[in-house]
Every structure is written in structure tokens, then in C-alpha cells.
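Here is the structure we will look at, set down as C-alpha cells.
Protein chains in written order, with the UniProt record's numbering: chain A, 1 to 226; chain B, 1 to 226.
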């Protein structure tokens with residue numbers, strides 16, 4: 001297999017079937033010295049964190065498959081640390097779903113979010129351009145369309161999928177006594193008008209609370225898989 | 001008359017009829033040392049700049065009135081440097097209409113705007129929260145609604161008014177051999193569901209080119225009023 005890319009948290013290979021094979025690294029992202037799934041820098045390494053991310057991702061991708069939500073997932077071996085996925089054209093966006101008001105959303109609009117910390121936002125979707133250097137700038141619907149990043153059908157589908165996933169993850173976490181605050185998804189285009197979830201769904205891409213305290217990636221694995 | 005507010009470019013008084021009276025100052029806004037209507041700092045003072053802004057604002061508000069577009073404008077005396085306007089609740093937003101791709105829009109999404117400088121964007125509307133400290137952060141439609149800043153009817157109306165104004169100003173400037181690049185509007189709420197344009201429409205709130213070179217406020221007055 002040929003390595004074709006190395007990102008902050010994954011190595012990507014191409015296999016003989018023409019599918020991608022993702023190896024999950026132990027690097028964790030954050031801001032400054034703090035671990036924060038929303039952060040853009042690598043701030044350290046946690047042993048077996050890659051395996052945890054992969055196990056949780058497999059857990060959720062299996063669940064979404066069952067519910068008919070399209071993802072790039074084909075197969076995964078958490079023991080061997082890899083996931084096989086369908087190739088597609090990444091849109092270059094991060095789609096954030098804010099289930100409850102927290103973090104950068106409160107900091108960005110302090111005047112309009114007073115006393116709204118942890119208020120349910122009914123699955124508010126924000127789209128950002130994946131661009132570490134510029135801190136993943138927000139982009140609105142009109143700009144997405146006018147710049148030809150998505151057509152209307154794809155944009156509607158992307159938002160609808162995101163909200164459906166939000167409800168599925170929220171219900172699942174609630175069942176385990178956990179609280180979903182926000183998460184991000186990435187999307188790719190399979191063909192014009194048809195988009196699917198790519199990348200991962202793990203503690204690395206979501207903020208989960210238990211009794212108002214952050215649940216770590218490792219704790220999340222315990223709650224979901226043990 | 002009682003002064004009730006002093007902003008970067010205006011002083012605001014309340015008159016005996018319960019209307020606001022705006023005095024236009026000679027301060028110009030910019031970024032760093034450059035004059036830039038999109039900038040948030042006061043970078044200097046230009047003699048009679050206040051009068052120029054007011055004259056252009058009156059020119060456009062009169063034109064919008066004729067076309068049935070609602071603004072706070074009641075009357076103005078460019079000679080005495082003031083404008084009388086209707087009181088209303090400011091939404092605290094800046095609505096930017098990008099007629100052609102330029103400036104911060106290109107810088108914000110470099111990957112998706114290559115070779116698109118000055119491409120017509122068909123009156124793309126972006127809404128930001130008026131917040132100098134945070135550089136007027138962009139806000140998307142869902143967040144505007146979920147945070148209760150606007151209802152759906154007001155949001156649609158705000159965008160529709162903005163696009164109408166864009167076409168009116170663009171046509172007017174084209175007639176004078178000028179090119180409208182982008183501009184900003186502010187809005188206020190008169191009553192639930194009914195919003196109107198407030199503040200000003202002048203060289204201070206729009207970027208105008210002639211033969212690919214920036215037209216100054218003073219030049220704009222010459223082109224429009226002489």
C-alpha cells in the first residue's frame with residue numbers, strides 16, 4: 001500500500017482495491033496547551049488514543065449504516081488500527097453541529113449569548129472552511145453556493161445529514177448518561193449532488209459532558225464499548 | 001437637544017419630536033494606517049468628510065425613498081451637517097453585500113477564490129455582528145434565528161432589501177462610469193417583522209472603483225453631486 005497523505009491525526013494509504021486505508025495516530029489536537037477537539041494544533045500524544053478514536057468511529061459508522069446515513073466507511077479493524085473507506089472528493093469543509101451553546105460559539109457572540117451557556121440550540125449547523133492557518137473561517141450558505149463549493153441540493157443534504165447524525169449521537173449518549181454538546185463532521189462528494197460523511201466520528205470530533213464535566217476520549221470508549 | 005451617543009463617525013442627539021439627529025464627524029475609519037471603509041479603527045480626519053458622507057447619504061436615501069425601500073431617513077441639511085431620522089431598535093448587525101469579489105472576502109477564503117478577484121458575485125450577502133473588539137464576526141442564518149436576533153420574516157426582508165439596494169446603487173454608479181465593489185448596511189426594527197435601513201449610505205460604507213482604482217469619498221461626491 002502506498003501512503004498518499006499524512007494529516008495531524010491520521011496517515012492515509014491507497015490499497016489495491018482503490019480504497020483508502022486510514023491509520024489513526026496517537027496525536028491529540030488542542031489550543032495552546034489544552035486538549036480540545038475543536039483545536040487546530042497537535043498538542044501531544046496519548047498512548048492508544050488512535051485505537052480509541054478508531055473504535056468509537058467504527059461504533060458510530062456502524063450505527064449510521066444501520067440507519068441508512070451515507071458515510072465513506074467500508075470496514076475497520078480496531079485491533080490493527082486501521083479503517084478502510086471509499087475514496088471521494090473531500091469538500092474541504094468542517095460542518096459543526098451545536099447541540100448546546102458552548103465554547104467558541106459563546107466567545108464569538110458574547111452580546112447575544114449571555115446566560116445561554118448549555119442552552120439547547122436545536123442542532124444549529126455552522127459550516128467552516130478547513131484552513132488551519134486562518135482558524136477555519138465560518139462561511140455562510142450564499143458564499144458556499146456562489147463560490148461553487150456545493151450546489152443547493154448538496155448543501156441541503158449536508159445539513160439534513162448533520163442534524164440526523166446529531167439526534168442519533170445525542171440519543172445514544174443520553175442512553176449512557178452522557179450529554180452531547182457539539183461535534184463536527186466532514187463531507188465528501190461521490191458524484192454531483194451526492195455527498196457522504198468522511199473522516200471520523202469520535203471523541204476527537206465531539207464534545208461530550210457527564211454532569212457538566214468534559215468526558216475524555218478514553219472515558220468515552222469505556223462508556224460506549226465496555 | 002440632548003446628545004445620547006457618540007460613535008466613531010457620528011454624534012447622535014434626540015430632538016423634541018422624539019427623532020434622532022445625527023451629526024457626521026470628519027473621522028475616517030481604516031485598518032492600520034490605511035483608509036478603508038471596511039476597517040474598524042479611526043485612522044484620521046479629513047476636513048469636510050462628514051459633510052461629504054452626509055451629502056451622499058441624503059442622495060441615496062432620497063433615491064431609496066422614491067423606490068419604496070424603507071429607511072430611517074426623515075430629513076437632512078448637508079449645509080448644517082445633520083440628518084434627522086426615525087428612532088428604532090438597532091439590530092447590532094452589519095450586512096455586507098459583495099457585488100464583486102474583493103478585499104477580506106478573498107483573504108478569508110483564498111483556496112476557493114483563486115482568480116476570482118472582481119468576479120461578479122450576484123449580490124452575495126454576508127451578515128456580521130457589530131463588534132469592533134472581535135472584528136465583526138460573521139454569523140450565519142441559523143445562528144441569527146436561533147439566537148433570536150431576527151425572525152425568519154425579518155431575515156428574508158433584510159436580505160431582499162440589501163439586494164435591491166445593491167442593484168439600485170450599482171446602476172446609479174454605472175451611469176456615472178463607476179463600479180460598485182461592495183457596501184454595508186445597518187438595519188433597525190420598527191416593530192416585530194418590520195425592519196428598515198438605518199445609519200448611512202456613503203463612501204464610508206461602500207467600496208467604489210473607477211477603472212480598477214479606488215474612488216475616495218471626496219471624489220464620489222464630485223461624481224454624484226456635481
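Beta carbons: idealized from backbone N, C-alpha and C, even for Gly.
Close-in-space but distant-in-sequence residues of the same chain around residue i (CB under 7 Å, 5 per side omitted)
i	result
residue 227 of chain A	Outside the displayed range of chain A (1 to 226) lies residue 227 of chain A, so it cannot be described from this structure.
residue 14 of chain A	1, 2, 4, 20
residue 30 of chain B	36, 39, 41, 43
Buried/exposed call for residue i, threshold 16 Cβ in 10 Å
i	result
residue 220 of chain B	buried
residue 1 of chain A	exposed
residue 72 of chain A	buried
residue 197 of chain A	buried
residue 160 of chain A	exposed
residue 5 of chain A	exposed
residue 140 of chain B	buried
residue 207 of chain B	buried
residue 179 of chain B	buried
residue 203 of chain B	buried
residue 136 of chain B	buried
residue 199 of chain B	buried
residue 218 of chain B	exposed
Length of the line joining the Cα atoms of residue i and residue j
i	j	result
residue 191 of chain B	residue 17 of chain B	19 Å
residue 213 of chain A	residue 210 of chain B	57 Å
residue 10 of chain A	residue 205 of chain A	13 Å
residue 40 of chain B	residue 148 of chain B	26 Å
residue 167 of chain B	residue 96 of chain A	34 Å
residue 163 of chain B	residue 143 of chain A	14 Å
residue 98 of chain A	residue 111 of chain B	26 Å
residue 187 of chain B	residue 157 of chain B	11 Å
residue 8 of chain A	residue 44 of chain A	11 Å
residue 68 of chain A	residue 103 of chain B	43 Å
residue 63 of chain B	residue 82 of chain B	18 Å
residue 146 of chain B	residue 150 of chain A	24 Å
residue 86 of chain A	residue 184 of chain B	44 Å
Start and end residues, alpha helix (DSSP H) containing residue i
i	result
residue 57 of chain B	49 to 66
residue 165 of chain A	152 to 175
residue 141 of chain A	141 to 146
Contact list for residue i against chain A, beta-carbon separation under 8 Å
i	result
residue 189 of chain B	Those within 8 Å of residue 189 of chain B in chain A number zero; the least Cβ separation is about 14 Å.
residue 216 of chain B	Under the 8 Å cutoff, chain A gives no residues; its nearest Cβ is about 28 Å from residue 216 of chain B.
residue 113 of chain B	147
Listed by chain order, chain B residues near residue i by CB distance under 9 Å
i	result
residue 184 of chain A	Going along chain B, no residue has its Cβ under 9 Å from residue 184 of chain A, so there is no contact; the nearest lies around 15 Å.
residue 212 of chain A	Result: empty, since nearest Cβ-Cβ is about 22 Å, beyond 9 Å.
residue 129 of chain A	108, 109, 111, 112
Contact set for residue i: own chain, Cβ-Cβ below 6 Å, skip 5 residues either direction
i	result
residue 100 of chain A	118, 120, 181
residue 92 of chain A	130
residue 124 of chain A	98
Where residue i meets chain B, residues with beta-carbon distance less than 7 Å
i	result
residue 146 of chain A	121, 122, 124
residue 31 of chain A	Simply none; closest approach about 17 Å.
Close beta carbons around residue i, own chain, < 8 Å, minus the five adjacent residues each side
i	result
residue 225 of chain B	55, 56, 59
9 Å Cβ cut-off: residues of chain A touching residue i
i	result
residue 134 of chain B	107, 108, 109, 110
residue 225 of chain B	Here the premise fails: no neighbours, minimum Cβ distance about 33 Å.
residue 137 of chain B	108, 109, 138
Range of the contiguous beta strand (DSSP E) that encloses residue i
i	result
residue 75 of chain B	73 to 77
residue 82 of chain A	82 to 85
residue 42 of chain B	41 to 45
residue 11 of chain B	10 to 14
residue 98 of chain B	93 to 100
Chain-ordered chain A contacts of residue i [CB-CB under 7 Å]
i	result
residue 142 of chain B	124, 125
Members of the stretch 67 to 97 of chain B near chain E, C-beta cut-off 9 Å: In summary, chain E is missing from the structure at hand, where the protein chains are A and B.
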